[in-house]
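Engineer:
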Amino acid sequence: MKVRLLAASAFAAVLAMGTLATAVAPAFAQTPIIDDPLDDRSKRRLDNMEKVMRELRAVVFQGRDTGKPVVVQPAETDQLIFSLSQRIDDLEQSLRRSNGDNEVVTRDLAQTRNDLNASRQRADSLEQRLTVLEKKAADMEAAATAAATAGMPLSPGLPMAGPVNAPPGAPPPAVTNSADTFANARRLLNEGDTAGAEAGFADYVSRFGETPRAAEARYWLGKTLTARRAYADAADNYLAAVRGWPQTAWAPDALVELSRSLLSLGNTAGACQTLAELPRRYPKAPAAITGRAATTRNQAKCSA
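Just so we're aligned: 238 in our numbering is position 243 of the sequence shown, and the numbers increase by one with no gaps anywhere.
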């Protein structure tokens, strides 16, 4: 009997709980569930932790693979490191450009030194040539003086009164005084008789080489020799004419003619060196002569 009562009581309790659950269920179903804001923060924290774990894992693997110590930089310094890296690259490029410019300057300086040494060598060569030509001219004058004193001809078959280096077939001029000989040679040159003028000036130089007008006679003799393209003999006479740098009207032109003769002989260095003396020795030379000097300088391709 007691068992039946307990069973009935239990059954009644179950029915009551079922009825209560049925009554309460709709109420719970109609109540909305409010999101907990802590859930979002937890998710972000979880994401950050996963990111940190990935970075730590990468660091560990990097240290394992390379065997080198790894320096862990904060994530916010990445942009700063990138910017600094770019600046370093820019500085390295600037340094390379500067080094390149320095190399160019060094090469230019070396080339300038080489050019200067070459110019000095050319100047020394010209000085030696001038010395040789001066000695040759002095020997010729001494021989002419000795021959005139001894009354002997200067060379076999050449009369004493005949010209030195006279062209074949030119008759010896009449024996006169120095003024007449010079004036006669100038007259022949003005008349276009370069052969006769050459003979006259050569005669003057051979017989009156110690007179004050001997240098001018050599200048005009050089002109006549240039007319027949005897550039070597012309250069010798021009050189003798400007020895001592005479301050005369014809001296600047003689210097230019000397450079032109040297250029015709292929001695461009000597021609350029001679032209370089013009503004220094004759700064007031006429424009016509300086113009011819400029033309010759261009033909010889002289350096500025």
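Glycine residues also receive a C-beta, built at the ideal position from the N, C-alpha and C atoms.
Alpha carbon to alpha carbon, what distance is there between N94 and T101?
Structural biologist: Their Cα atoms are separated by approximately 10 angstroms.
Engineer: Could you pull out every residue in the same chain whose Cβ sits closer than 7 angstroms to the Cβ of T269, ignoring the five residues on either side in sequence?
Structural biologist: Excluding sequence neighbours, T269 sits near L250, L253, S254, L257.
Engineer: Counting only the same chain and skipping the five closest in sequence on each side, list residues whose C-beta sits under 6 angstroms from that of S173.
Structural biologist: F203, T206, listed in sequence order.
Engineer: Specify the secondary structure class of T206 as computed by DSSP and reduced to three states.
Structural biologist: Here T206 sits in coil by DSSP.
Engineer: For W240, which three-state DSSP category applies?
Structural biologist: Reduced to three states, the DSSP call for W240 is coil.
Engineer: Any heavy atom of the ligand SAM closer than 8 angstroms to the beta-carbon of G195?
Structural biologist: The ligand SAM is absent from the structure shown, which contains no ligands of any kind.
Engineer: Smallest Cα separation from P241: which of Y277, A230, R115, S37?
Structural biologist: Minimum Cα distance to P241 is reached at Y277.
Engineer: Rounded to whole angstroms, what's the CA-CA distance from A280 to G217? Just pull it up for me.
Structural biologist: Those two C-alpha atoms are separated by around 20 angstroms.
Engineer: Counting only runs of 4+ residues fully inside the stretch 209 to 289, write out the alpha helix (DSSP H) ranges in chain order.
Structural biologist: Counting whole runs of 4 or more residues, the stretch 209 to 289 contains the alpha helix (DSSP H) stretches 209 to 222, 226 to 236, 246 to 259, 263 to 276.
Engineer: Based on Cα-Cα distance, which residue from R224, R223, A222, A212 lies nearest to L234?
Structural biologist: Selected option, being the one with the closest Cα: A212.
Engineer: Work out the CA separation of A190 and Y199 for me, nearest whole Å.
Structural biologist: So the alpha carbons of these two residues sit roughly 14 angstroms apart.
Engineer: What span of residues does the alpha helix (DSSP H) with S173 cover, start to end?
Structural biologist: Counting along the chain, the alpha helix (DSSP H) containing S173 begins and ends at 173 to 185.
Engineer: State the CB to CB distance for the pair L184 and A230, rounded to an integer number of angstroms; the pair is presumed to be in contact (CB under 8 angstroms).
Structural biologist: Not really, about 19 angstroms apart at Cβ, beyond 8 angstroms.
Engineer: Since A180 and G195 should fall inside the 8 angstroms C-beta cutoff, what is the C-beta to C-beta distance between them, to a whole number of angstroms?
Structural biologist: The pair is a contact, with the Cβ atoms about 3 angstroms apart (cut-off 8 angstroms).
Engineer: Can you tell which of D110, T290, Y214 has its C-alpha closest to the C-alpha of A244?
Structural biologist: That would be Y214, whose Cα lies nearest to the Cα of A244.
Engineer: By Cβ distance, which residues of its chain are closer than 6 angstroms to T285, with the 5 residues on each side in sequence left out?
Structural biologist: The answer is none, since no qualifying residue turns up.
Engineer: So A271 packs on T291, CB below 8 angstroms; how close in whole Å?
Structural biologist: Rounded, the Cβ-Cβ distance is 12 angstroms, inconsistent with contact.
Engineer: Which one of R117, D175, D110 has the shortest CA to CA distance from N262?
Structural biologist: When each option's Cα is compared against that of N262, the closest is R117.
Engineer: Three-state secondary structure (DSSP) at M155?
Structural biologist: At M155 the pLDDT is 35, less than 50, meaning the model places this residue with poor confidence and gives no usable figure here.
Engineer: Measure the alpha-carbon distance for R238 versus E186 and round it to whole angstroms.
Structural biologist: Between R238 and E186, the C-alpha separation is close to 29 angstroms.
Engineer: In this structure, does DSSP put K38 in helix, strand or coil?
Structural biologist: The answer is helix: DSSP assigns K38 an H, G or I state.
Engineer: To the nearest angstrom, how far is it from the Cα of A227 to the Cα of A178?
Structural biologist: Going by the C-alpha atoms only, they are around 26 angstroms apart.
Engineer: By how many angstroms is the C-alpha of T219 removed from the C-alpha of R182?
Structural biologist: The alpha-carbon atoms of R182 and T219 are separated by roughly 13 angstroms.
Engineer: Look up S201 in the DSSP assignment and say whether it is helix, strand or coil.
Structural biologist: Reduced to three states, the DSSP call for S201 is helix.
Engineer: I'd like to check one pair, E193 with R224: are the Cβ atoms closer than 9 angstroms?
Structural biologist: Their beta carbons are not under 9 angstroms apart, which means R224 does not touch E193 by this criterion.
Engineer: Assign N232 to buried or exposed, taking buried as 16 or more other Cβ atoms, counted over all protein chains shown, within 10 Å of its Cβ.
Structural biologist: Buried: at least 16 other Cβ atoms inside 10 Å.
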